[in-house]
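A.B. asks:
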Amino acid sequence: MVTRRSFLQTTALLSGALVVGFRLDGRPAAAAEALAPNAFIRIAPDNTVTIISKHTELGQGSYTGLATILAEEMDADWAQIRVEPAPADATRYGNRLAGGVQMTGGSTSMAEAWDEMRRAGATARALLVEAAAREWSVPASEITVDGGVVSHSGSGRRATFGELASKATGLTPPAQVTLKDPKDFKLVGKRVPRVDNKPKTDGSAQFTADFTAPGLLTALIARPPRFGATVKSVDATAARRVKGVISVVQVPTGIAVVATGFWAARKGREALRVTWDESRAERRGTEELYAAYRLLAARPGKPAKRVGDTAGALRGASKIIEAVYEFPYLAHAPMEPLDAVVRIGSGGAELWAGSQAPTIDQQVVAHVAGVAPDKVRIHTLLAGGSFGRRATPDGDIASEAAAVAKAIGDGNPVKVMWTREDDIRGGKYRPLYVHRLRAGLDANGTIVAWEHRIVGQSILGGTPFEAAMVKDGIDPTSVEGAANLPYDLPNLTVELHTTKVGVPVLWWRSVGSTHTAYSTETFIDELAQASGRDPLELRRALLAKHPRHLTVLNLAAEKASWNQALPAGRARGIAVHESFNSVVAQAVEVSRRPDGLPSVERVVCAVDCGTAINPDVVRAQMEGGIGFGLAAALWSEVTLVQGRVQQRNFNDYRPLRIVDMPAVEVHIVQSGEGPTGVGEPGVPPIAPAVANAFFHLSGQRVRRLPFARLSPAGTRTI
Amino acid sequence: MPDSLKAMAAIRINGKERTVIADDDIPLLWVLRDELHLTGTKYGCGVAQCGACTVHIDGRAARSCVTPAAALPGRDVVTIEGVSGAVARAVQDAWRALDVAQCGYCQSGQIMSAIALLSEIRRPSDADIDAAMSGNVCRCATYVRIRAAIHEAAKTLGP
Chain A
823 MVTRRSFLQT TALLSGALVV GFRLDGRPAA AAEALAPNAF IRIAPDNTVT IISKHTELGQ
883 GSYTGLATIL AEEMDADWAQ IRVEPAPADA TRYGNRLAGG VQMTGGSTSM AEAWDEMRRA
943 GATARALLVE AAAREWSVPA SEITVDGGVV SHSGSGRRAT FGELASKATG LTPPAQVTLK
1003 DPKDFKLVGK RVPRVDNKPK TDGSAQFTAD FTAPGLLTAL IARPPRFGAT VKSVDATAAR
1063 RVKGVISVVQ VPTGIAVVAT GFWAARKGRE ALRVTWDESR AERRGTEELY AAYRLLAARP
1123 GKPAKRVGDT AGALRGASKI IEAVYEFPYL AHAPMEPLDA VVRIGSGGAE LWAGSQAPTI
1183 DQQVVAHVAG VAPDKVRIHT LLAGGSFGRR ATPDGDIASE AAAVAKAIGD GNPVKVMWTR
1243 EDDIRGGKYR PLYVHRLRAG LDANGTIVAW EHRIVGQSIL GGTPFEAAMV KDGIDPTSVE
1303 GAANLPYDLP NLTVELHTTK VGVPVLWWRS VGSTHTAYST ETFIDELAQA SGRDPLELRR
1363 ALLAKHPRHL TVLNLAAEKA SWNQALPAGR ARGIAVHESF NSVVAQAVEV SRRPDGLPSV
1423 ERVVCAVDCG TAINPDVVRA QMEGGIGFGL AAALWSEVTL VQGRVQQRNF NDYRPLRIVD
1483 MPAVEVHIVQ SGEGPTGVGE PGVPPIAPAV ANAFFHLSGQ RVRRLPFARL SPAGTRTI
Chain B
-18 MPDSLKAMAA IRINGKERTV IADDDIPLLW VLRDELHLTG TKYGCGVAQC GACTVHIDGR
42 AARSCVTPAA ALPGRDVVTI EGVSGAVARA VQDAWRALDV AQCGYCQSGQ IMSAIALLSE
102 IRRPSDADID AAMSGNVCRC ATYVRIRAAI HEAAKTLGP
């Protein structure tokens, strides 16, 4: 713990703007002043502790997680904690695991902020203790803090954080603090309710869609029917006559109809007559892309990983197993379709959005509005889901809203909304991929070679992240989960063909692992079958050097009673996969529906995510990740015919419904390591685990997703 | 009747008579959200496929995105902001106790469907829950907890 001496000996630089209570004139701070010991905490005289969250709340629990860490080190009472989003300021709120950009993504929030938040919390605690020590003239070392109350047992004095806040405002934070021994944690690792569960159950939670302000206008944008098409001409006569339509303006992404509300904007958009220039539009369809990709997969690609002599080992193998996999484009389809509000006034602009990258959006809005970035104020609101869609390197929705606000030019705030149809047909999909895997077995059935080729578009190509992240033509997001195959094999080759297609693509919850986990974890089952081994035993034998994988694999298998017989009509499958530095294994039980498709009855999930800050949030993310992955495995796909997206809404871009959801039990490995990813790692194992179980039930290897393709009406809602 | 009067409709919303503009086939959803600023009721699909817009009309769950406001004079509309009574309390308490919500965007609709279900069937089976809740999509896939929370609410309500 911090001593009075360490205060006197050390000084620390304060982040000026937020230190409300800091006085240069030496007078005591006024009683009503709040204490802001750093950029992440504000303690008010009313005894509330407000946590300033550098990470956006998308549903993944980042507000609750960051608050838990800070409250833990402060010894605050959970009931006094409030959370508010940070403003855009990369110097204070940049993500060190995302190149310093202020960004929520890549399942980094807890891993990135763990140390920083612990220190911030401990610093605040030390200031409150020091204030009490001075006030009561007792040694700081005799003071204890518990549940938001600072006490000195010798004198019987006690005070709340709120009472001490103004007294601590003039103190200099210590440069060094002692962090808690994890064995003393009272909140971290315990059941702590989410900070946002009340507003999310009484209708009061404010999403961007709900934001309103005087003069607010609503805009919908007519977008081209094919990717890459542009506006040739527009007849807006009828649209302008629609009651409530204020104006019709052209923006880079199409024709915006600006109205007093959503319904008028929609009616106006329907009345538009737009002629599109499709001369440079993408006209290929899904089937053409699959065919072209399959041809590429037959040829060597750029090396992403080379161990040993795979070609030589394949030549010498006594048996070759080969499989080709096809993965469709996928839309993220968060429940709140994309939206953003922008107001451009004289000399500055404001953005309200559930932004995952506030500083990127700030740059983008500044560029469109023609003002300096520091003249753009960002208000981050709750996001109604994202799954990657609200983290765009080009700030697409912010840019679009800014373009409309600029075009109407009247200083009114304008809310650009995407309809569900815009969302399903609007691109930025998980790319379409083809994988070809070949393995060689020797006469004993031992795997002697593994060759993996991946064909698909680059997610990072053409973005500001390309220069830093794409090396030697390999986009790491195309091969992650494959190039780091955990199985101990003597000869391993992973190759990549990067394609150019005019369909915009983006990371989608668990990114490369959305497809590499499926191909590698179903292929290893095929090899187990070919060599007459139990799939669990084969994995164990090849994972001896990967203790975290082994631990979750064994835990999932044990909790699923892997070796116990199942009733007729049920089968088990298992998969294990590392992503975002966490390892997850899932063992599933599957039966068959009357239409032949799998029905997933039960999932046993084991996760090693380092320190589980909020175990219940971890469980929720595993449950949700399983459901999200299962939707894509069973039902969802975006297909194109002659460049036109065939799906429109949830009737044909089929989501998972409650009737499809298996029972899920989650087991968290106890770990003393720092926290690793949680938002995404629950997704990758479910699809291959189901596929492996389904094979045992049906004899079918499913190599083109979604499973619904096995049944004629499968992709449509029942 | 002049056009300007035809456009108006008197609807009972959360217990209060409200006179709203109800022309151009405007669905109840957009009257609630854009005119009355009752934004707890959400837009998710506009075609009654996701249930985010679920409200109660005369006590039954209804999709406000496909319900023309002009069809509602004399009807009793309740939104998430106006729910009350033992069933609503039990459902909202269970939702909080189990931390059902993740992003939370669909949860108003989920809760409205759950209240309607429990108002009709005090001890719903899993099959009852599937039937009543399958029209409500949650992309965060909070379904495990939605099911558990409905059973929990049923338990606290008693027979």
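Protein sequence lines, in the order shown, are assigned to chains A and B.
By the numbering used here, the letter at position 64 of the first sequence is numbered 886, and the numbering carries on one by one without gaps.
By the numbering used here, the letter at position 85 of the second sequence is numbered 66, and the numbering carries on one by one without gaps.
Ideal Cβ positions, reconstructed from N, Cα and C, are used throughout, including at glycine.
Are the C-beta atoms of residue 1178 of chain A and some chain B residue less than 8 Å apart?
C.D. replies: Walking along the first sequence from the start, residue 1178 of chain A turns up at place 356. No, because no Cβ of chain B sits closer than 8 Å to the Cβ of residue 1178 of chain A.
A.B. asks: Tell me the start and end of each unbroken alpha helix (DSSP H) in the segment 864 to 932 of chain A that is at least 4 residues and wholly inside, in chain order.
C.D. replies: 884 to 896 and 912 to 915
A.B. asks: Closest by CA to residue 1275 of chain A, which one among A:1230, A:1025, A:1105 and A:1121?
C.D. replies: Translated into positions along the first sequence, residue 1275 of chain A becomes position 453. When C-alpha distances from residue 1275 of chain A are compared across A:1230, A:1025, A:1105 and A:1121, the shortest belongs to A:1121.
A.B. asks: Just checking: is the beta-carbon of residue 82 of chain B within a distance shorter than 8 Å of some beta-carbon in chain A?
C.D. replies: As a first step, residue 82 of chain B is located in the second sequence; it is residue number 101 there, counting from the start. Taking Cβ atoms only, chain A reaches closer than 8 Å to residue 82 of chain B, which makes this a yes.
A.B. asks: In this structure, does DSSP put residue 1023 of chain A in helix, strand or coil?
C.D. replies: For the purposes of this step, residue 1023 of chain A is taken as the residue at position 201 of the first sequence. Three-state result, residue 1023 of chain A: coil.
A.B. asks: Round the Cβ separation of residue 1303 of chain A and residue 1506 of chain A to the nearest angstrom and send it over; I've been treating them as touching at under 8 Å.
C.D. replies: Working through the first sequence from its first residue, we reach residue 1303 of chain A at position 481. Working through the first sequence from its first residue, we reach residue 1506 of chain A at position 684. Indeed, because the Cβ distance is near 7 Å, the residues count as touching under 8 Å.
A.B. asks: Distance, Cα to Cα, residue 1319 of chain A vs residue 1148 of chain A?
C.D. replies: For the purposes of this step, residue 1319 of chain A is taken as residue 497 along the first sequence, with counting starting at 1. For the purposes of this step, residue 1148 of chain A is taken as residue 326 along the first sequence, with counting starting at 1. The straight-line gap separating the alpha-carbon atoms of residue 1319 of chain A and residue 1148 of chain A is approximately 14 Å.
A.B. asks: When the cut-off is 8 Å and only beta carbons count, does residue 115 of chain B lie next to chain A?
C.D. replies: Residue numbering aside, residue 115 of chain B sits at position 134 when the second sequence is read from its first letter. Residue 115 of chain B counts as touching chain A.
A.B. asks: Restricting to Cα atoms, I'd like to know which of A:1035, A:1076, A:965 and A:1069 is closest to residue 977 of chain A.
C.D. replies: Against the first sequence, residue 977 of chain A aligns to sequence position 155. The residue with the shortest Cα to Cα distance from residue 977 of chain A is A:965.
A.B. asks: Starting from the C-beta of residue 1515 of chain A, find all residues in its chain whose C-beta is less than 6 Å away, skip the five residues before and the five after it, and write them out in chain order.
C.D. replies: Position 693 of the first sequence holds residue 1515 of chain A. 1393, 1394, 1395, 1410 and 1412, listed in sequence order.
A.B. asks: Could you tell me if residue 1339 of chain A is buried or exposed, where buried requires 16 or more neighbouring beta carbons within 10 angstroms of its beta carbon?
C.D. replies: Position 517 of the first sequence holds residue 1339 of chain A. Buried, by the Cβ-count rule.
A.B. asks: Using a Cβ-Cβ cut-off of less than 9 Å, list which residues of the segment 21 to 32 of chain B approach chain A; keep chain order.
C.D. replies: 21, 22, 23, 24, 25, 26, 27, 28, 30 and 31
A.B. asks: Using the beta-carbon of each residue, which ones in chain B are nearer than 8 Å to residue 1016 of chain A?
C.D. replies: What you label residue 1016 of chain A is simply residue 194 of the first sequence in a count that begins at 1. 80 and 82, listed in chain order.
A.B. asks: Examine chain A for any beta-carbon lying closer than 8 Å to the beta-carbon of residue 89 of chain B, and answer yes or no.
C.D. replies: Numbered from 1 along the second sequence, position 108 holds the residue referred to as residue 89 of chain B. Output row for residue 89 of chain B: interface = yes.
A.B. asks: Looking at residue 1378 of chain A and residue 1408 of chain A, is the spacing between their C-beta atoms short of 8 Å?
C.D. replies: In the first sequence, residue 1408 of chain A corresponds to position 586, counting from 1. In the first sequence, residue 1378 of chain A corresponds to position 556, counting from 1. Cβ distance < 8 Å, so residue 1408 of chain A and residue 1378 of chain A count as in contact.
A.B. asks: So for residue 813 of chain A, helix, strand or coil by DSSP?
C.D. replies: Past the edges of chain A, shown from 823 to 1540, lies residue 813 of chain A, and the structure says nothing about it.
A.B. asks: Quick check on DSSP: helix, strand or coil for residue 955 of chain A?
C.D. replies: Here residue 955 of chain A refers to the residue found at position 133 when the first sequence is read from its first residue. The answer is helix: DSSP assigns residue 955 of chain A an H, G or I state.
A.B. asks: Going by DSSP, which residues form a beta bridge with residue 1071 of chain A?
C.D. replies: The residue you call residue 1071 of chain A lines up with position 249 of the first sequence. Note: residue 1071 of chain A sits in a beta bridge opposite A:1078.
A.B. asks: Quick one: which unbroken beta strand (DSSP E) runs of 3-plus residues sit fully inside the segment 1100 to 1160 of chain A? Chain order, please.
C.D. replies: 1124 to 1129 and 1141 to 1149
A.B. asks: Spatial neighbours of residue 1440 of chain A within its chain, please: C-beta separation below 8 Å, excluding the five flanking residues on both sides.
C.D. replies: Numbered from 1 along the first sequence, position 618 holds the residue referred to as residue 1440 of chain A. For residue 1440 of chain A, where only same-chain residues beyond five positions count, the Cβ hits under 8 Å are 1429, 1431, 1434, 1488, 1490 and 1500.
A.B. asks: Would a C-beta distance cut-off of 8 Å place residue 856 of chain A and residue 867 of chain A closer than the cut-off?
C.D. replies: By 1-based counting over the first sequence, the position of residue 856 of chain A is 34. By 1-based counting over the first sequence, the position of residue 867 of chain A is 45. Contact flag set, yes.
A.B. asks: Once the 5 residues before and after residue 75 of chain B are set aside, which same chain residues still bring their CB inside 6 Å of it?
C.D. replies: Walking along the second sequence from the start, residue 75 of chain B turns up at place 94. The answer, listed in chain order, is 130, 133 and 134.
A.B. asks: By the criterion of Cβ-Cβ separation under 9 Å, what are the contact partners of residue 1241 of chain A in chain B?
C.D. replies: As a working note, residue 1241 of chain A is residue 419 in the first sequence. Going along chain B in sequence order, the residues near residue 1241 of chain A (Cβ under 9 Å) are 24, 26 and 27.
A.B. asks: Indicate whether at least one CB of chain B lies closer than 8 Å to the CB of residue 1480 of chain A.
C.D. replies: Taking the first residue of the first sequence as position 1, residue 1480 of chain A is located at position 658. Residue-level contact check: residue 1480 of chain A touches chain B, since one or more beta carbons of chain B fall below 8 Å from its beta carbon.
A.B. asks: Measure the C-alpha to C-alpha separation of residue 1192 of chain A and residue 1237 of chain A and round it to an integer number of angstroms.
C.D. replies: Sequence index remark: in the first sequence, residue 1192 of chain A carries index 370 (1-based). Sequence index remark: in the first sequence, residue 1237 of chain A carries index 415 (1-based). Going by the C-alpha atoms only, they are around 19 Å apart.
A.B. asks: Quick one, are the C-beta atoms of residue 1077 of chain A and residue 1044 of chain A less than 8 Å apart?
C.D. replies: Numbered from 1 along the first sequence, position 255 holds the residue referred to as residue 1077 of chain A. Numbered from 1 along the first sequence, position 222 holds the residue referred to as residue 1044 of chain A. When the beta-carbon positions are compared, residue 1077 of chain A and residue 1044 of chain A come within less than 8 Å of each other.
A.B. asks: When the distance is taken between beta carbons, is residue 910 of chain A closer than 8 Å to residue 1235 of chain A?
C.D. replies: Mapped onto the first sequence, residue 1235 of chain A falls at position 413. Mapped onto the first sequence, residue 910 of chain A falls at position 88. Not a contact, by the Cβ cut-off of 8 Å.
A.B. asks: Any contact of the segment 1441 to 1451 of chain A with the segment 1124 to 1144 of chain A, i.e. 3+ C-beta pairs under 8 Å?
C.D. replies: no
A.B. asks: For residue 1032 of chain A, go through chain B and note every residue whose CB falls closer than 7 Å to its CB, in chain order.
C.D. replies: Working through the first sequence from its first residue, we reach residue 1032 of chain A at position 210. Those are 20, listed as they occur along chain B.
A.B. asks: DSSP beta-bridge partners for residue 1600 of chain A?
C.D. replies: With chain A represented from 823 up to 1540, any question about residue 1600 of chain A goes unanswered, as that position is not in the structure.
A.B. asks: If you count every other CB in all the chains shown that lies within 10 Å of the CB of residue 169 of chain B, and 16 or more means buried, which is it?
C.D. replies: The structure shown does not extend to residue 169 of chain B, since chain B spans only -18 to 140, so no value can be given for it.
A.B. asks: Would residue 1002 of chain A and residue 894 of chain A qualify as a contact pair, given that the criterion is a beta-carbon distance under 8 Å?
C.D. replies: Counted from its first residue, the first sequence places residue 1002 of chain A at position 180. Counted from its first residue, the first sequence places residue 894 of chain A at position 72. Yes, the Cβ-Cβ distance between residue 1002 of chain A and residue 894 of chain A is below 8 Å.
A.B. asks: Helix, strand or coil, according to DSSP, for residue 31 of chain B in the structure here?
C.D. replies: The sequence position of residue 31 of chain B within the second sequence is 50, counting from 1. If DSSP states are grouped into helix, strand and coil, residue 31 of chain B belongs with coil.
A.B. asks: Nearest CA to the CA of residue 117 of chain B: which residue from B:88, B:12, B:37 and B:139?
C.D. replies: The count along the second sequence starts at 1 and reaches residue 117 of chain B at position 136. Per the Cα distances, B:88.
A.B. asks: In angstroms with no decimal places, state the Cα-to-Cα distance between residue 46 of chain B and residue 1029 of chain A.
C.D. replies: Numbered from 1 along the second sequence, position 65 holds the residue referred to as residue 46 of chain B. Numbered from 1 along the first sequence, position 207 holds the residue referred to as residue 1029 of chain A. In this model, residue 46 of chain B and residue 1029 of chain A are separated by some 18 Å (Cα to Cα).
A.B. asks: Sorted by chain position, which residues of the same chain lie with C-beta nearer than 8 Å to residue 1281 of chain A's C-beta, five sequence neighbours on each side aside?
C.D. replies: Here residue 1281 of chain A refers to the residue found at position 459 when the first sequence is read from its first residue. Contacts found: 1253, 1297, 1299, 1300, 1327, 1328, 1329 and 1333.
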